[in-house]
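**Student:** Next up is a structure, given as structure tokens.
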Amino acid sequence: MDVLMAALGELFSFDCLLFMVLGVFIGIIFGAIPGMSGNLGVTVFLPFTFAMDTVPALILLCGIFYGSNFGGSISAILINTPGTNGACATLLDGYPMAKKGHPLKALDMSLVASTFGGLVSALTLLFFSPQISKVALSFGAPEYFALAVFGLSIIASVSGKSIMKGLVSGSLGMLLATVGIDKISGINRFTFGNIKMYNGIQMIAVLLGVYAVNQMISRVNGTEGGGQASSLVGTDRKSDRLTWKEAVSTVPTMAKSSIIGSVIGAIPGAGSAIAAYISYNEAKRCAKPGEKFGEGELKGIAAPESGNNGATASCLIPLLTLGIPGDAVAATLMGAFTMHGLVVGPKLFQTSGDLVYAIMIGSIVAQIVMYFQGRYLMPVFVKITHIPQQLLTALLMIICCAGAFAIANSVFEVYIMLIFGVVAYFMNKFGFPPVPIVLGMVLGPIAESNLRNALTLSDGSWMIFVQRPICLTFIILTVVLVVLLKRTSKKNAL
Amino acid sequence: MMKKNLKAGMMAAVLAITLAACGGNQEKSAENVKAEATETKAEDAAETDAEAYVPEGTFNIRVFAAAGGVADMVTRITAQSLQDSYGITPVINNLTGANGAIAAADMDGYDPSINELSLVSMSLFTMSPLMNPDLNVSMDNYEFVGSLIRDEFVLLVSKDSGIKSWEDLVEYGKNNKIIYASNAPGGGTHVVQCGLFGDAGLNAEALTSDGSNKDILAVMSGDAICTSATVTLAKSYVESGDLIPIGIFSDNVYTGYEGYEVPTVPSFGYDITIPSYNFLITRAGVDAAEVKGFYDAIEACRETETFKEAAEAAGYVPDHTDGETLRAEIEKYAADSKEIFDKYYQ
Amino acid sequence: MKLHYRSNLSAGCAALIAAVLLFLITPVQVAAEASSVHGISSRTLPYALSVLTGVCGVGLILQSLVLKKDEVKELDLRKEAKGLLYMLVLLAYGLGLKHSFLIATSLLGVATLAFTKCKKPWYYVISIVAVAVIYLMFTQLLHVRLP
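This is how it looks when you write it as structure tokens:
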């Protein structure tokens, strides 16, 4: 109790709250700009926090992290370009809804779902860290492999009309992820003698190319279907907002997705993108007749955003309890913790309990701050849709080039973006969907490396995948979901 | 008459005051001259000292590790301290991959200058050229400025494994394959464990990952029986009782963990003492005086209170190996690594 | 002028070609390991992906030719030629970027506007100003060195 009171005292100070508001705002901006990301935001502001007190510094950085996950959905919805990996699933329904003339409603839904997911995640962090960290400890190579296969099965769901084309796209994604030094054998793969390829191909560069550059080429030559998200001119603002009834109807979806996100976020190395896709897939599987996912369905926005933000605070669980970062941003945050004398790991709660609880409670408050900020910023963001198409195309091209460069301060990433923009343009002509490329890039390396490690553990026996309960559960889930999804698709088609 | 006297008196007084003031000034001037002379001497001395390099301007430091990692944090602490002391503008750029080869390659794109630096891992010059012959990295192309971190690797087992010592591990290894968690082949923790188990004749196989934290997770979850991590990283896990250190890859017994005297791997009969070394390099062709001067500046900063506070908060113990000594040490470890590579990586 | 093509058939052919190329490139770009992990080496996944891509390619071709399940799409060659031209602009941008971010990106912005047949001078000014702002932000604020 004393620790909690001390934590509240640390948290509810003027400078702490000020930096929380600032952090969330910065995060939303960084997440919304294609090429910038939460990780970049945290990295840029990390040095500024050295001179700050511990709690305000860490709250600022966590705020950037949480805000960026919501921010990524803004560009996904308005300009069909995800600002973060996790927002890739949001654009499946977000952009179509915006194109139908409801950009504000789509953003509203995204904000509500992000807040919901973030709150569940932060409450999980506060109340269930020890239990969830035990789950993280029981995740070994076979479990990671099974999770990756489960995630890859979603390709069937997001492939559109042709699963075979989806598999080809997914294969491309997995192939791209093999570029660089193989972490099992130490051998170079597909580097073509270029030292910059040793570190692999950056996913954000590919994302920018596949979504943004591809789209720009289509706009430039006039072959883009459907035009940009409709402007607000002529749209009745009131009817464009999310209604209370609509929000309530998505609560079960948001709840399920938030829990999925919270659990997956706590698994080191899993990440918010996996959580977003699995949540989307689950919502689609449970779709009622008349709910048309992929055409601007509200639940198609609610699910991935809740899943995505559900993974944010919970990815701090393995960091704080075991000293193992849940994803790349958590790894950067780990450095910030260290700089402020908080040695993450098993002894953290003993040595700095009040500070840690302050951050955990701060994570809850930050979600509410994000909601209000998002609500008031939204009409500003939607003004992007007022920008004339020609100017928007040119500006986006410029921003994407700058964003690609910012990934690694290298023109090489700009080249990657441009190359994959062209590749994706031609793939589009053949009808290959882009979403599985992202899935393949995220999940392919997890599947491959953990398959090889699992076989090392079992001395070559494949039985290990059915002998471990969590692993077996995921495999059964994969089979069941693929079958159920096929049935649902057939039912909906009828 | 009275007015005249008064006038005279006033003028005299003014004169007296003026003279007194002048005298004072003169005295001051003398003092000033003395002071100036002292100053000049000091300036001369300072000038002589100032001929030694003083960092100035913008410094571009490429770090081979991701932001937030130990190497990144240490570089930022050092850079901040240099900024505070010398007013330089440090620009930290994380160019990850290949133990620093990508960072070094980026640096090679600029003219040799002490303002262009890279923080790299020792593996860049020891294992990387062996694992990737097309890498074309040579110590001759760089000047070694000095070390920022030197950390030994410690061999760790889980508290639940039932193993408390190297002998216990060897006993375990007689009937079981030893699964050890490490980074990718060629990485520090893989090299030392591969070399140790190979020399010990134990049947061992690596469970690889892309970070020591994940290796520790593998041991704590029971997937791997042992792992190796730097002394600093392992500290919190050892102190919490989750991991037990059973050996250190060093010539010196380690007593930094409360309640433990960690024996050396050489005492087991295996001369494997390769540490984790992260250090600053710049391009060959930079003036040796500037290289030395920059490292001297780093050492001077390490004596400041602000640096000490920041380092203590981060748990960072600076390493004081200068460029010349560093080069010699790396050549030694390169030979050790080659020996392990030839035996177990071909 | 319009060109009609069958989506599944052409996708299948493209996939098959990609699969063959990948199969041929893999042994060149991925060295053989001294020993594999229980039959799985660094080459296993690339080979597996080439087989999967090839199988899907054949499947798409069969779907088109045998099962007659295909969609006929249309290519407007004039528009596609414009697209190809824009790709050349992107190539030129890539080459120019190494020398100067400011000039190359400004020209890219201008070219993009020109390709969309923009006739408003202000838009060209805005795009150039945007590049300048980004340049200043990167170099002065973030201390990032742009070419």
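Those sequence lines, one after another, are chains U, Z and D.
By numbering that gives the first Met the number 0, the letter at position 57 of the first sequence is numbered 56, and the numbering carries on one by one without gaps.
By numbering that gives the first Met the number 0, the letter at position 83 of the second sequence is numbered 82, and the numbering carries on one by one without gaps.
By numbering that gives the first Met the number 0, the letter at position 22 of the third sequence is numbered 21, and the numbering carries on one by one without gaps.
Yeah, the Cβ is synthetic: ideal placement off N, Cα and C, and Gly gets one too.
Only a predicted model underlies this, so the values are computations on that prediction, with no experimental measurement involved.
(1) Let me know the secondary structure DSSP gives residue 252/U once reduced to three states.
(2) Drop a sphere of 10 angstroms on the beta-carbon of residue 465/U, count the other beta-carbons inside from all chains shown, and report buried for 16 or more, exposed for fewer.
(3) Leaving aside the five residues before and after residue 123/U along the sequence, list all residues of the same chain whose C-beta is less than 6 Å from its C-beta, in chain order.
(4) If you scan the stretch 200-228 of chain Z from start to end, which runs of the alpha helix (DSSP H) of 4 or more residues do you find wholly inside it?
(5) Exposed or buried, residue 460/U, counting other C-beta atoms within 10 Å across all chains shown (16 or more means buried)?
(6) Is the separation between the beta-carbon of residue 18/D and that of residue 40/D shorter than 8 Å?
(7) Looking at the secondary structure, which residues open and close the beta strand (DSSP E) in which residue 92/Z lies?
(8) Taking just the CA atoms, how far does residue 102/D sit from residue 271/U?
(9) Please identify the residue among 116/Z, 222/Z and 274/Z whose C-alpha is closest to the C-alpha of residue 135/U.
(10) Helix, strand or coil: which one does DSSP assign to residue 472/U?
(11) Keeping to the same chain, check which residues put their C-beta closer than 7 Å to that of residue 170/U; ignore five residues upstream and five downstream.
(12) I think residue 84/U touches residue 413/U, with their Cβ atoms under 8 Å apart; what is that distance to the nearest whole Å?
(13) Note down the Cα distance separating residue 356/Z from residue 138/Z, rounded to an integer number of angstroms.
(14) Near residue 18/U, which residues of its chain fall below 6 Å by C-beta distance, leaving aside the five closest residues on each side in sequence?
(15) So is residue 146/D in contact with chain U if we call contact Cβ pairs under 8 Å?
(16) Classify residue 230/U as helix, strand or coil using the three-state DSSP reduction.
(17) So if I threshold CB-CB distances at 7 Å, which residues from the stretch 232-247 of chain Z count as touching chain U?
(18) Tell me whether residue 105/Z is buried or exposed, calling it buried when 16 or more other Cβ atoms sit within 10 Å of its Cβ.
(19) Counting only beta-carbon atoms, is residue 143/U nearer than 8 Å to chain B?
(20) Which chain D residues are close to residue 408/U, counting only those with a beta carbon under 8 Å from its beta carbon?
(21) Can you say whether residue 337/U is buried or exposed, counting buried as having 16 or more other CB atoms within 10 angstroms of its CB?
(22) Report the option in 329/Z, 269/Z and 113/Z whose CA atom is closest to the CA atom of residue 165/Z.
(23) Quick check on the DSSP output: the beta strand (DSSP E) that includes residue 243/Z runs from which residue to which?
(24) Residue 178/Z touches chain U at which residues, Cβ-Cβ below 8 Å?
(25) So, does the CB of residue 46/D fall closer than 8 Å to a CB anywhere in chain U?
(26) For chain Z, is any of its Cβ atoms less than 8 Å away from the one on residue 184/U?
(27) In this structure, does DSSP put residue 145/D in helix, strand or coil?
(28) With residue 218/Z and residue 180/Z assumed to form a contact (beta carbons below 8 Å), what rounded beta-carbon distance in angstroms separates them?
(29) By the 10 Å Cβ neighbour count, where 16 or more other Cβ atoms means buried, how is residue 142/Z classified, buried or exposed?
(30) Pull out every residue of the stretch 90-104 of chain Z whose Cβ sits closer than 7 Å to any Cβ of chain D, in chain order.
(31) Taking residue 346/U and residue 239/Z to be in contact with their CB atoms under 8 Å, please state how far apart those CB atoms are, rounded to whole angstroms.
(32) Could you check the C-alpha separation between residue 62/U and residue 23/U for me, to the nearest Å?
(33) Which runs of the alpha helix (DSSP H) spanning at least 4 residues fall entirely within the stretch 53-111 of chain U, listed in chain order?
(34) Taking a Cβ distance cut-off of 8 Å, strictly less, list which residues of the stretch 66-77 of chain D are near chain U, in chain order.
(35) Where does residue 326/Z fall in DSSP's three states?
(36) Quick check: residue 278/Z and residue 146/Z, are their CB atoms within less than 8 Å of each other?
**Tutor:** So, from the listed chains and residues:
(1) DSSP places residue 252/U in helix when its eight states are reduced to three.
(2) Looking at its Cβ environment, which holds fewer than 16 other Cβ atoms inside 10 Å, residue 465/U is exposed.
(3) Once the five neighbours on either side are set aside, the close Cβ partners of residue 123/U are 261 and 313.
(4) The stretch 200-228 of chain Z contains, as complete alpha helix (DSSP H) runs of 4+ residues, the segments 211-220 (chain order).
(5) By the 16-neighbour rule on beta-carbons within 10 angstroms, residue 460/U is exposed.
(6) No, the Cβ-Cβ distance between residue 18/D and residue 40/D is not below 8 Å.
(7) Residue 92/Z -> beta strand (DSSP E) spans 88-93.
(8) Annotation: residue 271/U to residue 102/D spans about 37 Å, alpha carbon to alpha carbon.
(9) When each option's Cα is compared against that of residue 135/U, the closest is 222/Z.
(10) In the three-state reduction of the DSSP assignment, residue 472/U falls in the helix class.
(11) The residues are 439.
(12) In fact, because the Cβ distance is near 19 Å, the residues do not count as touching under 8 Å.
(13) Here chain Z comprises residues numbered 0 to 345, so residue 356/Z is not present and cannot be evaluated.
(14) Excluding the 5 residues flanking it on each side, residue 18/U has same chain C-beta neighbours closer than 6 Å at 55, 58 and 59, in chain order.
(15) Yes, because at least one Cβ of chain U sits closer than 8 Å to the Cβ of residue 146/D.
(16) Bear in mind that a pLDDT of 43 at residue 230/U, under 50, signals an unreliable position, so the number given afterwards is only what the model happens to contain. Three-state result, residue 230/U: coil.
(17) When C-beta distances to chain U are compared with 7 Å, the residues of the stretch 232-247 of chain Z below that value are 235, 236, 238, 239 and 241, in chain order.
(18) Residue 105/Z is buried by the Cβ-count criterion.
(19) Although the question refers to chain B, the structure presented lacks it and instead comprises the protein chains U, Z and D.
(20) Proximity of chain D to residue 408/U at the Cβ level (cut-off 8 Å) is accounted for by 143 and 144, in chain order.
(21) It counts as buried.
(22) For the residues 329/Z, 269/Z and 113/Z, the minimum Cα distance to residue 165/Z belongs to 269/Z.
(23) That run of the beta strand (DSSP E) goes 242-247.
(24) Residues of chain U passing the Cβ test: 455 and 456.
(25) Closer than 8 Å: no.
(26) For residue 184/U, the answer is yes, since a Cβ of chain Z falls inside 8 Å of its Cβ.
(27) In the three-state scheme derived from DSSP, where H, G and I count as helix and E and B as strand, residue 145/D is classed as coil.
(28) Correct: roughly 6 Å between the Cβ atoms.
(29) By the neighbour-count criterion, in which 16 or more other beta carbons inside 10 Å mark a residue as buried, residue 142/Z falls on the buried side.
(30) Along the stretch 90-104 of chain Z, going in chain order, the ones with a CB nearer than 7 Å to a CB of chain D are 90.
(31) 5 Å between Cβ atoms; contact.
(32) Their backbone Cα atoms lie some 4 Å apart in a straight line.
(33) List check, alpha helix (DSSP H) in window: 53-78 and 90-98.
(34) Cβ contacts with chain U: 70, 72, 74 and 75.
(35) Three-state DSSP puts residue 326/Z in a helix.
(36) Yes, these two residues count as a Cβ contact at 8 Å.
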